[in-house]
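Residue numbers (this note's numbering), protein chains in the order written: chain A, 15 to 403; chain B, 37 to 639.
Ideal Cβ placement from N, Cα and C applies to all residues, glycine included.
None of these values were measured; they are calculated from a predicted model.
Below is one structure, written out as structure tokens; the observations come after it.
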Amino acid sequence: MMKINRKKGPAGLYIHIPFCVKKCGYCDFLSFGECDEEIQKKYAESLIAELSLYRGQNIKCDTIFIGGGTPSLLRQEHIAKILEAAEAAFCVAEKAEVSLEANPGTLSRDKLRAYRKAGVNRLSIGVQSMDDGMLSFMGRIHSSRDFTENFQAAREAGFSNINVDLMFGMPGQSRQMWRDSLEQVLALEPEHISFYSLQLEEGTTFSRMYREGSIDLPPAEEDRAMYHEGIRMLREAGYHHYEISNCAKPGFECQHNLKYWSFDEYYGAGLGAHAFLYDKGRSCNVSDFDAYFQKIGRGELPADPDGYSYETQTDLMGEYVFTALRKTEGLDMEDFRRTFGENFFSVYEDQRQTIRAYVKSGHLALNGTYLALTEKGIDISNEIMAEFV
Amino acid sequence: MNSYQKYIRNFSIIAHIDHGKSTLADRIIEKTGLVSQREMKEQFLDNMELERERGITIKLQTTRLVYKAKDGNEYIFNLIDTPGHVDFTYEVSRSLAACEGAVLVVDATQGVEAQTLANVYLALDEDLEILPTLNKIDLPSARPDEIKAEVEDVIGIDASEAPLVSAKEGIGIEDLLEEIVHKIPAPSGEVDGKLKALIFDSYYDNYKGVVIYTRIFDGKVKTGDFIRLMNTGKKYEVTEVGIYSPGPVACRELKAGEVGYICASIKRVADARVGDTITLDENPTEKPLPGYKKVQPMVYCGIYPAEGEKYENVKDALEKLQVNDAAFHFEPETSTALGFGFRCGFLGLLHMEIIVERLEREFDLAVITTSPSVIYKVVLTNGDIEMVQNPSNLPDPTDIDHIEEPIVKADIMIPKDYVGNIMEICQERRGKLIHMEYITETRVQLHYEMPLNEVIYDFFDALKSKTRGYGSLDYEFLRYEKSNVVKMDVLLNKDLVDAFSMIVHESKAYARGRFVCSKLKEVIPMHQFEVPIQAAIGQKVIARETVRAYRKDVIAKCYGGDISRKKKLLEKQKEGKKRMRQFGTVEVPQEAFTAVLKYDENK
Numbered sequence: 015m016m017k018i019n020r021k022k023g024p025a026g027l028y029i030h031i032p033f034c035v036k037k038c039g040y041c042d043f044l045s046f047g048e049c050d051e052e053i054q055k056k057y058a059e060s061l062i063a064e065l066s067l068y069r070g071q072n073i074k075c076d077t078i079f080i081g082g083g084t085p086s087l088l089r090q091e092h093i094a095k096i097l098e099a100a101e102a103a104f105c106v107a108e109k110a111e112v113s114l115e116a117n118p119g120t121l122s123r124d125k126l127r128a129y130r131k132a133g134v135n136r137l138s139i140g141v142q143s144m145d146d147g148m149l150s151f152m153g154r155i156h157s158s159r160d161f162t163e164n165f166q167a168a169r170e171a172g173f174s175n176i177n178v179d180l181m182f183g184m185p186g187q188s189r190q191m192w193r194d195s196l197e198q199v200l201a202l203e204p205e206h207i208s209f210y211s212l213q214l215e216e217g218t219t220f221s222r223m224y225r226e227g228s229i230d231l232p233p234a235e236e237d238r239a240m241y242h243e244g245i246r247m248l249r250e251a252g253y254h255h256y257e258i259s260n261c262a263k264p265g266f267e268c269q270h271n272l273k274y275w276s277f278d279e280y281y282g283a284g285l286g287a288h289a290f291l292y293d294k295g296r297s298c299n300v301s302d303f304d305a306y307f308q309k310i311g312r313g314e315l316p317a318d319p320d321g322y323s324y325e326t327q328t329d330l331m332g333e334y335v336f337t338a339l340r341k342t343e344g345l346d347m348e349d350f351r352r353t354f355g356e357n358f359f360s361v362y363e364d365q366r367q368t369i370r371a372y373v374k375s376g377h378l379a380l381n382g383t384y385l386a387l388t389e390k391g392i393d394i395s396n397e398i399m400a401e402f403v
Numbered sequence: 037m038n039s040y041q042k043y044i045r046n047f048s049i050i051a052h053i054d055h056g057k058s059t060l061a062d063r064i065i066e067k068t069g070l071v072s073q074r075e076m077k078e079q080f081l082d083n084m085e086l087e088r089e090r091g092i093t094i095k096l097q098t099t100r101l102v103y104k105a106k107d108g109n110e111y112i113f114n115l116i117d118t119p120g121h122v123d124f125t126y127e128v129s130r131s132l133a134a135c136e137g138a139v140l141v142v143d144a145t146q147g148v149e150a151q152t153l154a155n156v157y158l159a160l161d162e163d164l165e166i167l168p169t170l171n172k173i174d175l176p177s178a179r180p181d182e183i184k185a186e187v188e189d190v191i192g193i194d195a196s197e198a199p200l201v202s203a204k205e206g207i208g209i210e211d212l213l214e215e216i217v218h219k220i221p222a223p224s225g226e227v228d229g230k231l232k233a234l235i236f237d238s239y240y241d242n243y244k245g246v247v248i249y250t251r252i253f254d255g256k257v258k259t260g261d262f263i264r265l266m267n268t269g270k271k272y273e274v275t276e277v278g279i280y281s282p283g284p285v286a287c288r289e290l291k292a293g294e295v296g297y298i299c300a301s302i303k304r305v306a307d308a309r310v311g312d313t314i315t316l317d318e319n320p321t322e323k324p325l326p327g328y329k330k331v332q333p334m335v336y337c338g339i340y341p342a343e344g345e346k347y348e349n350v351k352d353a354l355e356k357l358q359v360n361d362a363a364f365h366f367e368p369e370t371s372t373a374l375g376f377g378f379r380c381g382f383l384g385l386l387h388m389e390i391i392v393e394r395l396e397r398e399f400d401l402a403v404i405t406t407s408p409s410v411i412y413k414v415v416l417t418n419g420d421i422e423m424v425q426n427p428s429n430l431p432d433p434t435d436i437d438h439i440e441e442p443i444v445k446a447d448i449m450i451p452k453d454y455v456g457n458i459m460e461i462c463q464e465r466r467g468k469l470i471h472m473e474y475i476t477e478t479r480v481q482l483h484y485e486m487p488l489n490e491v492i493y494d495f496f497d498a499l500k501s502k503t504r505g506y507g508s509l510d511y512e513f514l515r516y517e518k519s520n521v522v523k524m525d526v527l528l529n530k531d532l533v534d535a536f537s538m539i540v541h542e543s544k545a546y547a548r549g550r551f552v553c554s555k556l557k558e559v560i561p562m563h564q565f566e567v568p569i570q571a572a573i574g575q576k577v578i579a580r581e582t583v584r585a586y587r588k589d590v591i592a593k594c595y596g597g598d599i600s601r602k603k604k605l606l607e608k609q610k611e612g613k614k615r616m617r618q619f620g621t622v623e624v625p626q627e628a629f630t631a632v633l634k635y636d637e638n639k
């Protein structure tokens, strides 16, 4: 059985909005295109009911992240009421980070002002690319210009902490195209930039096209070159590369996402939302609308009975390691010991040789009590992380 | 005739699938007041969840009803339900043998179908009084006069007085009940004669052992009697007799003309075979009832525990199913691809699907089924004969003189507009048209002789798909016939996956090979390396496809705190390394095994 000795800090709260105008060609997240206002309204009401179930438990929380899907698709009143419900149910810290994900094409000045007023203080805008041809190929509903306008409008509405999401390693994308996109985004000086290498997920349009041979991907070396070039450009522009796919101006690291990588607790509300609590382990909500509405209707937490993963101490340790290794500062072996009451190297006795070899080859670095992937190590991060699961 | 027999009516309801047999049975039960409407689950007699969901009756149900007729007398109705599918023809024929009459339900919108006819012939074989009844009369598309004429033309029985009912709406049920009283003969039989009783069904009860459903023809039976089952020759002491009304109600004795159940501490359903005759051990009847046969599986497939499922659990479940199903056979087998599993024999495809679904639902097991196969008669050069139902067991080609495959008589009934389509799919499946007849101006019956091997793959799906669901099929075994069949293997990344091996006719091998390869290409996930998929006969590759490599050492986004995917990916990477070391092989998802069997309209 699991045993976590770590002291509880304030938790994070993730709120999922599973609606999009339409599904992008590469996306396999839990989100549905073409949903009418009726269901969106019903969903927002259910979310509010779900959040209210946490009332009276005095749960401290210092980050809220409204993700999707496309949360900015919802009417602004819904967002305001959802946040109101979250604040009524949880003890939300005064300086809590409150993020909202938005996609260009669904934003307006009114909405942006309303979000600020409702307490959103961090905006995460998914542009993915600044190349209009690429955007349309990806199935995005906006142009690069829509994005630039939205970004400026967000500044005018008072957002002083903005993240921009980008993707690389796209079919037909050259290194030059990637540099151009990144440069144009850097010119706007966002506080935070996330950059993800495209992954083909089974069941997506992209995956099907790739199988059929109608699209190709840049070769692995090219993909890695784009990654390292991206990091170089971001560093030069004054960003701190703090997680495999995330860079921020100092002090603007995403506190919510860091909870995922730092073994902190988080609650999840909404369809398919995941949670991690020391006394309950990992769980997730049902991912079917009817089941969700039914459970909420009965006043129950909409947890998916099959979503609980029974986890042994070993499972939890493995998770601790591979999530911590995503941070460039790496894994703090001292914190590991405090958390599990065991020494890192006695738990991973069998891996000692392998770790040493990776350190020697320059893929891992030992730094005081910290063990971290080097930039070179990130290229084979899965191979290294797999050693610990 | 004894006086009590005058008030008994033993009858079945026969119909084509979907013509509303079970709903009608429900209404009759409701009308006779046995079960109140509130207690009435829909389709009372279909008590397996699966049956209710699929709308078909698999297991027989029997119940005794009391009907107060307009003549003022109370009648006992023994309603013997029959399974509604071609795989269970023998069971149907035995239940009919237990009756004096049959209510023939015909859908007033669709008319006579292949199975309607097949069931009518079975009933006529047993000399039953047939009571045609038109159902779904409430539908606007009902054509009662036309359908009555059709029944008279096609079946040759008088339908002028056929009750018009709607089981769904409860219309006309009273008329039908009166017809049953007046038209179906009462049973006869000597109460003082030697016991002669027919087993028409049985099931296993955890407390009582096997419960036999029986119709007493002569004599009587009570608790404490020693009975003998004439065909198996086994002897048992009766522990209980009773009737179903609708739950079991013990009674003092069962006597000639009655229908009820007998328990006698019998351990397996296979020991109380349908069609066998029960008599008293001390004072036996001379001759058993006619019509007994031991049912044999016609279709075989492998059933294997899916990844993460335990062999023992599957074995336990199969044993439990077998206790209740004399027609289902299984024995252990091993596959290099799938490990330890079982070779299972079924009456037909539906029977197979039912067993697999029950494993999944009632026992919550994840299983993989391999391509179904028929039984081939392999004549060796030394004159020996081997019966082979597993492609992997086919002897070396040099030892084989020739192979014979089972041929069935397939009767297909379709609206005439589809004749061209259907002849085409039958021809593709090596069917030989014996003759074709117009049942009515718009409906045609095609009589084919076809290899069973072709029927079990996807024929039924193809038939339904090509006739928008209007086609119906009935088939029965005819004979073995010499045939040019070959074993086709499938290789993934150059490794033979025995679970995909199948026996096909030489003329079909190339098309089948291409189909299987293209289906596998769709479902096999991309690996770090290219995966060639090949179909081969012996050493000769006859079809090939390739799954593209997807080499990226991905950096999964752990979105919204969902680390489970990333974890799975890492675990897989770790596992994959192990597995590749062990077999150097390809990951094959479970769905691949069913995908290669599915009918594909566009193929």
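- When only Cα atoms are considered, K602(B) and S276(A) end up about 16 Å apart.
- Judged by DSSP in its simplified three-state form, Y412(B) adopts strand.
- DSSP places G260(B) outside both helix and strand once states are collapsed to three, so it counts as coil.
- Bridge partners of S202(B) according to DSSP: I207(B).
- DSSP places C41(A) in no beta strand (DSSP E); its state is neither H nor E.
- At a cut-off of 4 residues, the continuous stretches assigned as alpha helix (DSSP H) that sit fully inside the segment 531-583 of chain B are 542-559.
- Counted as a single uninterrupted DSSP element, the alpha helix (DSSP H) harbouring G244(A) occupies residues 234-250.
- Across the structure, E115(A) and I96(A) are spaced so that their CA atoms are roughly 14 Å apart.
- Per the C-alpha coordinates, the member of I18(A), E170(A), N260(A), L200(A) positioned closest to S211(A) is N260(A).
- Nearest CB-CB separation between R584(B) and chain A: below the 8 Å threshold.
- Judged by pairs of C-beta atoms under 8 Å, the segment 134-154 of chain A touches the segment 192-207 of chain A, as three or more such pairs exist.
- Put simply, the backbone Cα of V444(B) is about 36 Å away from that of G245(B).
- Between the alpha carbons of Y274(A) and L231(A) lies a distance of about 30 Å.
- The segment 298-311 of chain B and the segment 259-277 of chain B touch, with no fewer than 3 CB-CB distances between them shorter than 8 Å.
- When only Cα atoms are considered, R130(B) and L158(B) end up about 9 Å apart.
- Under DSSP, F354(A) forms no beta bridge with any residue.
- When only Cα atoms are considered, L488(B) and G56(B) end up about 29 Å apart.
- For P180(B), the enclosing alpha helix (DSSP H) has its first and last residue at 180-191.
- Residue-level contact check: T337(A) touches chain B, since one or more beta carbons of chain B fall below 8 Å from its beta carbon.
- When the five nearest sequence neighbours on each side are left out, the beta carbons in the same chain lying within less than 7 Å of the beta carbon of S323(A) are those of G295, R296, in order along the chain.
- Under DSSP, Y328(B) takes part in no beta bridge, so it has no partner.
- The Cβ of N396(A) sits closer than 8 Å to at least one Cβ of chain B.
- Around L231(B), the same chain offers G255, V257, T315, L316 as residues with beta carbons nearer than 6 Å, after the five sequence neighbours per side are excluded.
- Legend: CB atoms of the segment 28-45 of chain A lying less than 7 Å from CB atoms of chain B belong to residues Y28, H30, F43.
- In the DSSP assignment, the residues bridged to C299(B) are V247(B), E276(B).
- From the beta-carbon of F290(A), the residues of chain B found nearer than 9 Å are G597, I599.
- Residue contact check for K603(B) against chain A: a CB pair falls below 8 Å.
- Put simply, of E111(A), L65(A), A128(A) the residue whose alpha carbon is nearest the alpha carbon of E91(A) is A128(A).
- When C-beta distances to chain B are compared with 8 Å, every residue of the segment 133-153 of chain A stays at or above that value.
- Around P561(B), the beta-carbon contacts reaching into chain A at under 8 Å are E216.
- Excluding its 5 nearest sequence neighbours in each direction, A63(A) has C-beta neighbours in its own chain below 7 Å: I310, listed in chain order.
- Rounded to the nearest whole angstrom, the CA to CA distance from K346(B) to V559(B) is 25 Å.
- A distance below 8 Å separates the beta carbons of I248(B) and I298(B).
- Boundaries of the alpha helix (DSSP H) around L200(A): 189-201.
- Straight-line measurement puts the Cα of N135(A) at about 8 Å from the Cα of S174(A).
- At a beta-carbon threshold of 9 Å, none of the residues of chain B lie near R130(A); the nearest stands roughly 23 Å away.
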